[in-house]
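Presented below is the structure to which this report refers.
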Amino acid sequence: MAQQTINIGTTANDGTGDPLRTAFDKVNDNFTELYTDDAGDVGSITGGTGITASASTGDVTLSITNDGVDHDKLEARYTAQAAISTLTGTVSFDCSTASSFKLSGDLTGAYTIDLSNYKKGQVITIYPLKAQSITLDAQGSSTNTFNKIGGDYDNTVSSILQIECVDDSSTDPVFFYSIATFASDSTP
Numbered sequence: 001m002a003q004q005t006i007n008i009g010t011t012a013n014d015g016t017g018d019p020l021r022t023a024f025d026k027v028n029d030n031f032t033e034l035y036t037d038d039a040g041d042v043g044s045i046t047g048g049t050g051i052t053a054s055a056s057t058g059d060v061t062l063s064i065t066n067d068g069v070d071h072d073k074l075e076a077r078y079t080a081q082a083a084i085s086t087l088t089g090t091v092s093f094d095c096s097t098a099s100s101f102k103l104s105g106d107l108t109g110a111y112t113i114d115l116s117n118y119k120k121g122q123v124i125t126i127y128p129l130k131a132q133s134i135t136l137d138a139q140g141s142s143t144n145t146f147n148k149i150g151g152d153y154d155n156t157v158s159s160i161l162q163i164e165c166v167d168d169s170s171t172d173p174v175f176f177y178s179i180a181t182f183a184s185d186s187t188p
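Throughout the sequence shown, residue numbering follows the working numbering, covering 1 to 188 in sequence.
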């Protein structure tokens, strides 16, 4: 059966549209067709590029094909860079908005990096850090565990901080981090 379209008339209440009973009869027929004829019919489902659909026992499963998700399809938390202009005090780093945070200059006072909205598996990069002490914090309501895996912070030169969230618990999140100095150099 082809889709039945309800005639709504030319203008509101002009009497040229379908009567109420006829309109709802068409609605019921359309739904009946969807629920009976297409149940498990994967051919009627399109998932878009990189998505495949399959059906078994009336359920439809959508799967991402190999290499079906590219950089442009990832959300900002994995692809974007945010500019940070506050260089002293406690500063919020909203990890849902970016994966990389670039500071506008050298730190001007003691600095607390306060992470929020992070997800397990997300790597957060913060640079350049220089000139002041740094403290790491997160939005855990009980404890925030930061495990250092490499490097020492030398506040006399530009440093890069990389933090990986390994547990995004709302009470006790866990992170691993490393810090290293860097300098611009195009030779390996």
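The beta-carbon is built from N, C-alpha and C at its ideal position, and this holds for glycine as well.
If you count every other CB in all the chains shown that lies within 10 Å of the CB of GLN3, and 16 or more means buried, which is it?
Its Cβ having fewer than 16 others within 10 Å, GLN3 is exposed.
First through last residue of the beta strand (DSSP E) which encompasses GLU164
159 to 167
Per DSSP, the bridge partner or partners of LEU129
SER159
Length of the line joining the Cα atoms of THR79 and LYS102
13 angstroms
Span separating the alpha-carbon of THR145 from that of GLY121
Rounded to whole angstroms, THR145 to GLY121 spans 15 angstroms at the Cα level.
Residues bridged to TYR111 (per DSSP):
GLY89 and ILE134
Closest residue to THR97 among GLN81, MET1, ILE149 and GLY17 (Cα-Cα distance):
GLN81
Would you give the residue range spanned by the alpha helix (DSSP H) that LYS26 belongs to?
20 to 36
To the nearest angstrom, how far is it from the Cα of SER186 to the Cα of ILE126?
21 angstroms
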